[in-house]
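K.L.:
Before we start, here is the structure in question, set down as structure tokens.
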Amino acid sequence: MLDVFSATPFLGLVVVVAALWLLTRRHPGLPPGPPLLPFVGNALSMGSDPKLTFRNLRSRYGDIFSVYLFNKPVIVLNGFTVLKDALVKNADVFSDRPYTLQNDFISRGKGIIGTSGDVWREQRTFTLNTLRDFGMGKNIMEDKINEEISQFLAAIDEKMGQGFDCSRLVHNAVSNVICSTVFGKRFEYTDSLFVKFLKALEENLVLLGDFYLEIHLSLKKIVNNASLVETLLTQPSMKEHLKTHDDNDVEDFLGAYIKEMRHRQQQNEDTSMDFENLNRVIANLFVAGTETTATSIRWALVYFLNYPDVQEKCFQEILENVGQSRRPSMKDKTSLPYMEATITEVLRHSNIVPANLPHTVSHDVQFRGYTFPKGILVIPNLDSVLRDSDVWGDADNFRPERFLNDEGKFQKKEEFIAFSLGRRVCLGEAMARMELFLFLTTMIQRFQFVSVNGQKPSMDGHLGLIHNPKPFAVRAVPRE
């Protein structure tokens, strides 16, 4: 019989083995996935590009698999059928956002991006309806975009004959469209307040770029930047609007919100429309409406420099249907199918939000044979659809013609989900589509964009919160 001393090493070994088994064991009912390491799970094997990691894992484990980021399980959904089944057919279950430090600080507690429930629905519905009215009813949006395009073209004119990095100009212009839409005013690109605002916004996007890791040292900086934007821009604009507000003369989002908020309060309605939530909505509009659109324009230039024949086809279509004596307008969209197909292919191929923001389930649910515990992170992998060869054939090729039918007319395909799908479809989709069409058609009408010293930009991007192109220089040559 073993005495207590000789048994101690054996018992210790049993404890260690049991602990390692528990630390490397998946929760029962979760989808399959790669082997786990103690404490870190799969965090060390995610690689610098999760898109490629997810593609490899999908080929091994199927359309639904799970990974562990340290001690947190994450379920990844792949393929159009699975995503549609979850986000559209089962939207009541899959439309919530999980609680993470990132989501909480993006939304600051009550915003559109990071929350769920009645507050989110009311704020989102009002925002979508107001932007739709600005875009399709009053044409306010188109006027504000065109006003900014004029300043943007003038800034490019100043760079004439030399190569330049277009990133700053594009970000300035797109951010100003949001400022004009929300606050009713634009800024000069050199305005010190505008420069501070953009610096704070861009710094937060970088800090929030890796949602896999909750880096507590960054959170104080994120909060300070958000407070800076509210103090310098949002709060002064609110006070100014309250002094001059006229329900019969609403020309921006802030005015529309104040009008609706007062109406609901006068009717004694139970509403979440108040100044606190207005702050959150404005913050979310800037997150949803600046970086993604600006990045898409930069990717378009990357493709124009790598595929000059595509740029030339776009120009010839504009020349034949619009000419050069006037600016393109949204009324020209149906007569420019190749241009629209090119923009759509830019969005598909560049895939700027490949993994989407995480979702969660509102309660324990069985889905396609697996158990999804309440609150678990669920990642709808948009890359698995936008770059799926079973859907697109030559998915890795940049080919705008895939969005044209046999008659040469634009045809949108159901699998084009660059703006996601279901209830969490991108809040700024309509605005982004309008901006991209007006900016890019006018840019091509006015300039030919060429590479500097024959150096074409890389088509391999950098993935943070957004899939960005690597820095590149471009030269704008005036059209004759």
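FYI, in the working numbering the residues of the sequence shown are 1 to 480.
Note that the Cβ used here is the ideal one computed from N, Cα and C, for glycine as well.
1) List, from N- to C-terminal side, the beta strand (DSSP E) runs of 3 residues or more that fit wholly inside the segment 355 to 427.
2) Can you tell me the Cα-Cα spacing of K289 and V346, whole angstroms?
3) What is the DSSP secondary structure of K489, counted as helix, strand or coil?
4) Measure how close the beta-carbons of S441 and I297 come, nearest whole angstrom, since I'm counting them as under 8 Å.
5) Suppose you measure from the CA of Y257 to the CA of I417; what does that come to, to the nearest Å?
6) DSSP three-state call for N284: helix, strand or coil?
7) Buried or exposed for E480, please, with buried defined as at least 16 other CB atoms from any protein chain shown within 10 angstroms of its CB.
8) I need the straight-line Cα distance from K413 to F403, nearest angstrom please.
9) Does the Cβ of K199 have 16 or more other Cβ atoms within 10 Å, making it buried, or fewer, making it exposed?
10) For N71, count neighbouring C-beta atoms within 10 Å of its own C-beta (all shown protein chains included) and say buried if the count is 16 or more, exposed if not.
11) Please report the residue range of the alpha helix (DSSP H) in which S237 lies.
12) Could you give the C-beta distance for E142 and S329, rounded to a whole number, given that I count them as a contact under 8 Å?
13) So, at 6 Å on beta carbons, what are the nonlocal neighbours of F194 in its own chain, with the 5 sequence-adjacent residues on each side left out?
14) Exposed or buried, N129, counting other C-beta atoms within 10 Å across all chains shown (16 or more means buried)?
15) Residues in its own chain within less than 6 Å of D383 by CB, not counting five upstream and five downstream?
16) Measure the CB-CB distance between R348 and L301 and report whether it falls below 8 Å.
17) Please classify L82 as buried or exposed, where buried requires at least 16 other C-beta atoms within 10 Å of its C-beta.
18) What does the alpha-carbon distance come out to for the pair P485 and P308?
19) For H467, name the three-state secondary structure that DSSP assigns.
20) If you pair each beta-carbon of the segment 165 to 180 with each one of the segment 146 to 154, do three or more pairs fall below 8 Å?
21) Under a Cβ-count criterion, where at least 16 other Cβ atoms within 10 Å of its own Cβ denotes burial, should V67 be classed as buried or exposed?
22) Which two residues bound the contiguous alpha helix (DSSP H) that contains F164?
23) Using a Cβ-Cβ cutoff of less than 8 Å, which residues in the same chain neighbour L22 once the five nearest sequence positions on both sides are dropped?
24) Go ahead and label M160 buried or exposed: buried means 16 or more other beta carbons lie within 10 angstroms of its beta carbon, across all protein chains shown.
25) According to DSSP, what are the bridge partners of I444?
26) In whole angstroms, give me the CA-to-CA distance for G114 and T344.
27) Tell me which residues share the same chain as I156 and place their Cβ nearer than 6 Å to its Cβ, disregarding the 5 neighbours each side in the sequence.
28) Any heavy atom of the ligand GDP inside 7 Å of the beta-carbon of E202?
29) Which same chain residues, not among the five before or five after L421, have their C-beta less than 8 Å away from its C-beta?
30) Would you grab the beta carbon distance between F94 and V361 for me? Rounded to a whole angstrom, and I think it's under 8 Å.
31) Give every residue of the same chain whose Cβ lies closer than 6 Å to the Cβ of T371, excluding the five residues on either side of it in the sequence, and list them in chain order.
32) Starting from the Cα of L69, find the closest Cα among G408, I376 and L438 and give me that residue.
33) Measure from the alpha carbon of N306 to the alpha carbon of each residue in K456, D388 and A226, then state which is nearest.
34) With a threshold of 7 Å on Cβ separation, who are the neighbours of R132 within its own chain once the five nearest residues in sequence on each side are excluded?
35) For Q316, does the three-state DSSP call read helix, strand or coil?
36) As a quick exercise: from T181, V182, R446 and L153, pick the residue whose alpha carbon is nearest that of L169.
P.N.:
Quick answer:
1) 365 to 367, 370 to 372 and 377 to 380
2) Before going on, a small fix: residue 289 reads as Gly here, not Lys. Each residue's alpha carbon lies about 17 Å from the other.
3) Since the displayed the chain opens at 1 and closes at 480, residue 489 lies outside it and no answer follows.
4) The sequence as given places Thr at residue 441; Ser does not occur at that position. Going by Cβ atoms, the distance from T441 to I297 rounds to 12 Å, so no, they are not a contact pair.
5) 29 Å
6) helix
7) exposed
8) 7 Å
9) exposed
10) Per the 10 Å Cβ criterion, exposed.
11) Q235 to T244
12) 7 Å
13) F187
14) exposed
15) Answer for D383: K51, N351 and P354, listed in chain order.
16) no
17) Just to set this straight, residue 82 is Val in the shown sequence, not Leu. So V82 ends up on the buried side.
18) No answer is possible for residue 485: the residues shown for the chain start at 1 and end at 480.
19) Looking at H467 - three-state DSSP - the assignment turns out to be strand.
20) yes
21) buried
22) From DSSP, F164 is part of no alpha helix (DSSP H); its letter is neither H nor E.
23) Because L22 carries a pLDDT of 44, less than 50, the predicted location of this residue cannot be relied on, and the following value inherits that uncertainty. Cβ neighbours of L22 beyond the five flanking positions: none.
24) exposed
25) Bridge partners of I444: none, in fact.
26) Because the pLDDT at G114 is just 49, under 50, the model does not fix this residue reliably, and the value given afterwards should be weighed accordingly. If you take the alpha carbons of G114 and T344, they lie about 27 Å apart.
27) Same-chain partners within the cutoff: A476.
28) Absence of the ligand GDP is noted for the structure shown, with no ligands found whatsoever.
29) Around L421: L83, K84, L87 and V88.
30) Sure, about 6 Å apart at Cβ, within 8 Å.
31) G29
32) I376
33) K456
34) A430
35) helix
36) Nearest C-alpha to L169 among T181, V182, R446 and L153: L153.
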